[in-house]
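A quick write-up on the structure given underneath.
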Amino acid sequence: MARLLIIGGGPIGTGAAQAALDDGVVTGILGIVDRDADVRQKLQGRFDCEGWSTSADVPPAEPGDRAIVAFSSRAEEVTKTIIRLLSSGYHVVTPAEELAWPERHVRDALASSAKSSRRSVIAVGANPGFSMDRLPLLLASSSRQVQAVRVERRVDSANHREGLRIRTGVGLTTEELAAGLRAGTHGHVGLSASARMLAVGLGWPAHDVSEHAQPILGDDGLVAGIRQQAEVRTPDGRTISLDITFALNLPDPLDRIVVDGTPRIEVEIAGGYPGVEGTTTQLAGALAECGDLTPDFYRPIDLPIDFG
27 MARLLIIGGG
37 PIGTGAAQAA
47 LDDGVVTGIL
57 GIVDRDADVR
67 QKLQGRFDCE
77 GWSTSADVPP
87 AEPGDRAIVA
97 FSSRAEEVTK
107 TIIRLLSSGY
117 HVVTPAEELA
127 WPERHVRDAL
137 ASSAKSSRRS
147 VIAVGANPGF
157 SMDRLPLLLA
167 SSSRQVQAVR
177 VERRVDSANH
187 REGLRIRTGV
197 GLTTEELAAG
207 LRAGTHGHVG
217 LSASARMLAV
227 GLGWPAHDVS
237 EHAQPILGDD
247 GLVAGIRQQA
257 EVRTPDGRTI
267 SLDITFALNL
277 PDPLDRIVVD
287 GTPRIEVEIA
297 GGYPGVEGTT
307 TQLAGALAEC
317 GDLTPDFYRP
327 IDLPIDFG
């Protein structure tokens, strides 16, 4: 049976680790890697495991060992760590949003390292990875002559962790949020990835994605959230439209998917698919399956629809 290494002591990685333990996917936690000594000590006590400040210090894997890399959304920040873990013998799963649809050189580097190490790397998550791409694609596969796919996701950030509120600009001025969007420190990461995954899954051109973002203001004039949109439009007029809103005390949170085809399909998830719990579930499923896959790098769209 496999042991699990946690890279990043936040709620996503540790939640997935607990789910993997509860489901019998792993026999125990090998260790925790986090720069924060207090976080490490707390989790070492919780999981009865070792702790390190850097992944460079972790021991080589034993057969079947896995790792969760959950300390950043950014491809440039996690790729070197993943390659190091692969070379040490670990299968790797990650919720890093930018790896849902990475640039070609990143994808090639991860695939090459996985194959040479005879291990698998799987990028999964709730969004991107399910609610705005794989789930709509499943529904669209049940229709023909699809002309449009529209996905709306509304999230009440008051019911989510503080990190989400910070990332979506709550409490900032509009100028501060605009600067954060330009710098890549604010806003939802992965909307264009979801649009491209949907387009590829439908067999449509995926290279031309337009994105827009606008602040949602509170009564005090400060940012209370953000609305982001992405669109793919083919030369013959078929469209993919993704619309996601995060805001404090947002009424009627939901996920709504509309497929304009034959038949027309409309599905609504009242309350919305839960982001944190959904991501930990996706990660736990990937941890269960990663050892059975052909060594390679897998984006969410590369996985079978019943994966996990």
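Residue numbers (the working numbering): 27 to 334.
Glycine included, C-beta positions come from ideal geometry on N, C-alpha and C.
CA-to-CA distance, residue j to residue i, given in whole angstroms
i	j	result
residue 49	residue 310	8 Å
residue 252	residue 240	6 Å
residue 227	residue 287	15 Å
residue 249	residue 52	42 Å
residue 170	residue 290	9 Å
residue 64	residue 77	11 Å
residue 229	residue 123	22 Å
residue 322	residue 211	30 Å
residue 15	residue 273	Examination of residue 15 is not possible in this model, given that the chain is present from 27 through 334 alone.
residue 215	residue 194	10 Å
residue 296	residue 275	16 Å
residue 104	residue 67	23 Å
residue 70	residue 262	56 Å
residue 148	residue 192	27 Å
residue 255	residue 265	13 Å
residue 114	residue 133	19 Å
residue 62	residue 174	46 Å
residue 231	residue 209	28 Å
residue 300	residue 40	17 Å
residue 75	residue 106	24 Å
residue 285	residue 57	45 Å
residue 242	residue 185	17 Å
residue 118	residue 92	6 Å
Of the residues the options, the one placed nearest residue i, counting alpha carbons only
i	options	result
residue 258	235, 62, 277, 44	235
residue 319	140, 76, 52	140
residue 84	68, 116, 291	116
residue 270	95, 217, 295	217
residue 42	120, 133, 263	120
residue 46	73, 61, 60	73
residue 15	183, 207, 324, 301	Absent from the model: residue 15. The displayed extent of the chain is 27 to 334, so no value can be given.
residue 281	181, 324, 93, 190	181
residue 110	99, 131, 138, 130	138
residue 260	172, 205, 328	172
residue 233	130, 75, 39	130
residue 190	231, 209, 99, 208	99
residue 327	92, 160, 106	160
residue 44	185, 306, 237	306
Distance between beta carbons of residue j and residue i, contact taken as under 8 Å
i	j	result
residue 162	residue 224	6 Å
residue 283	residue 165	6 Å
residue 55	residue 96	With a Cβ gap of about 14 Å, residue 55 and residue 96 do not count as contacting.
residue 143	residue 112	4 Å
residue 298	residue 279	5 Å
residue 101	residue 219	Actually they are not in contact, since the Cβ atoms of residue 101 and residue 219 sit about 10 Å apart, beyond 8 Å.
residue 158	residue 179	6 Å
residue 317	residue 87	Rounded, the Cβ-Cβ distance is 11 Å, inconsistent with contact.
residue 60	residue 90	24 Å between Cβ atoms; not a contact.
residue 30	residue 94	7 Å
Close Cβ partners of residue i (< 8 Å) along its chain, the five nearest in sequence each way excluded
i	result
residue 246	none
residue 187	37, 302
residue 206	195, 198, 212, 213
residue 82	110
Other residues of its chain near residue i: CB distance less than 7 Å, five sequence neighbours each side excluded
i	result
residue 308	150, 151, 152, 155, 156, 334
residue 293	165, 283
residue 268	158, 177, 217, 220, 221, 255, 256
residue 330	none
Cβ neighbours of residue i in the same chain (closer than 6 Å, five flanking residues each side left out)
i	result
residue 324	148
residue 238	255
residue 244	250
- Item | Segment contact, 8 Å Cβ cut-off, at least three pairs: the stretch 194-206 with the stretch 301-320 | Counting Cβ pairs under 8 Å, fewer than three are found: no touch.
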